[in-house]
Amino acid sequence: MGVFWWDNFISNEPKIFLPSTQSIGYGLSLLITIIGIVLVYFIVVYVETKSGVRNFNISKKPDLEEKTFLQTIKENIENIFSKSWTATMGGVALGFISIIYFIFHSPPGVTGR
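Residue 7 in this note's numbering sits at position 6 of the sequence shown; the count goes up by one each step and never skips.
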């Protein structure tokens with residue numbers, strides 16, 4: 002199955018390596034990537050708050066009030082810097098650290114040789 006995708010799609014796509022594109026280097030490439038990811042995050046949160054999609058947390062007292070876009074962003078920032086992290090946030094942080102390590106050195110641990 003994996004051979005099908007590689008042979009028909011992935012191998013025919015153009016290869017884009019941001020550090021060598023227009024000679025912008027690793028730092029600016031990383032900044033562009035982070036800005037892109039943050040913009041996608043803001044768009045997803047904005048669409049979710051407008052559509053009424055909510056996080057379904059199990060708690061004793063239900064939180065029935067709708068949160069605005071800015072309240073959701075503020076709550077997420079507080080969760081990152083003030084409260085303990087969920088497994089998802091830990092995974093995102095570990096992934097980000099692995100990307101930085103890979104860009105400037107080599108693949109970490111089990112993914113490298």
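Using N, Cα and C, we set each Cβ at its ideal position, and we do this for glycine too. Here the structure is a predicted model, which means the values were calculated and not measured.
Do three or more CB pairs link the stretch 21-41 to the stretch 97-105 at distances below 8 Å? yes
Mind checking which residues open and close the alpha helix (DSSP H) that includes residue 84? No alpha helix (DSSP H) holds residue 84; DSSP gives it neither H nor E.
Quick one: any contact between the stretch 40-47 and the stretch 5-19, if contact means 3 or more CB pairs under 8 Å? no
Close beta carbons around residue 104, own chain, < 6 Å, minus the five adjacent residues each side: 27
Contact check, residue 68 vs residue 50, beta carbons under 8 Å: yes
CB-CB under 6 Å to residue 31, same chain, minus the five flanking residues each way: which ones, in chain order? none
Run through DSSP, which three-state label would residue 68 get? coil
Three-state secondary structure (DSSP) of residue 20: helix
So, are the CB atoms of residue 70 and residue 47 less than 8 Å apart? yes
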